[in-house]
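**Q** Next up is a structure, given as structure tokens.
Spelled out as structure tokens, the structure:
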């Protein structure tokens, strides 16, 4: 699927994520990003996984769990929209999800394996959509969004947190 910004339907508040995605094929982006994350996570020293750059911020483990959690939610939304689910899908509170994720008690290996399992599923899901399915618009929380925009949101959201890990966590 080629990136075509004019074919993406999404609310303005997601622009900060989608703007981080280059004009490339989504599956290529997702695969390249997985390789980038693999290298980045391999560089994290064992004693830094519980690091927070500020008191009320997430640990590195919690950031990785959040990327997985959000990708699961966004993938499900893309899936439901593609099937023309008439229901408004619920929103999610990422902070509540983080509090209840148990991320800090998981091993780095388990967190990374989970993220890459989710990513592989995302790649397979979006690769299987037809061009007509990618154009379908559904509603989640209070906004409408197209299936293809949901895919680029997944990539952009992960890119956003990769940048935060580099800039604020120093990895």
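Numbering (the working numbering), first residue to last: 7 to 177.
Every residue, glycine too, gets a C-beta built ideally from N, C-alpha and C.
Model, not experiment: these values are computed from the prediction.
According to DSSP, is residue 151 part of a helix, a strand, or is it coil?
**A** The answer is strand: DSSP assigns residue 151 an E or B state.
**Q** Can you tell me where the alpha helix (DSSP H) with residue 79 in it begins and where it stops?
**A** It spans 66 to 88 - the alpha helix (DSSP H) in which residue 79 sits, taken as one unbroken run.
**Q** Just how far apart, CA to CA, sit residue 64 and residue 98?
**A** Distance between the alpha carbons of residue 64 and residue 98 is about 17 Å.
**Q** Measuring CA to CA, which of 42, 41, 132 and 151 is closest to residue 91?
**A** Ranking 42, 41, 132 and 151 by Cα distance to residue 91 puts 151 first.
**Q** Who are the near neighbours of residue 117 in its chain, counting only those whose CB is closer than 7 Å to its CB and skipping five residues on each side?
**A** Same-chain partners within the cutoff: 67, 70, 71 and 109.
**Q** Grouping DSSP H, G and I as helix and E and B as strand, with all else coil, what is residue 112?
**A** In the structure shown, residue 112 sits in coil (DSSP, three-state: anything other than H, G, I, E or B).
**Q** What residues in its chain sit with their C-beta under 6 Å from that of residue 23, if we drop five residues either side in the sequence?
**A** 159, 162, 163 and 166.
**Q** Looking at residue 142: is its Cβ nearer than 7 Å to the Cβ of residue 80?
**A** Contact: no.
**Q** Can you tell me which of the three DSSP states residue 144 falls into?
**A** Here residue 144 sits in strand by DSSP.
**Q** In three-state terms, what does DSSP make of residue 26?
**A** The answer is coil: DSSP assigns residue 26 none of H, G, I, E or B.
**Q** Indicate whether residue 15 and residue 146 have their beta-carbon atoms separated by less than 7 Å.
**A** No, these two residues do not count as a Cβ contact at 7 Å.
**Q** From residue 49 to residue 135, what does the alpha carbon distance come to, in whole angstroms?
**A** Taking the straight line from one Cα to the other gives about 35 Å.
**Q** Might you give, ordered along the chain, the residues of its own chain that have their beta carbon closer than 8 Å to the beta carbon of residue 131, omitting 5 neighbours on each side?
**A** Result list for residue 131: 81, 84 and 85, in chain order.
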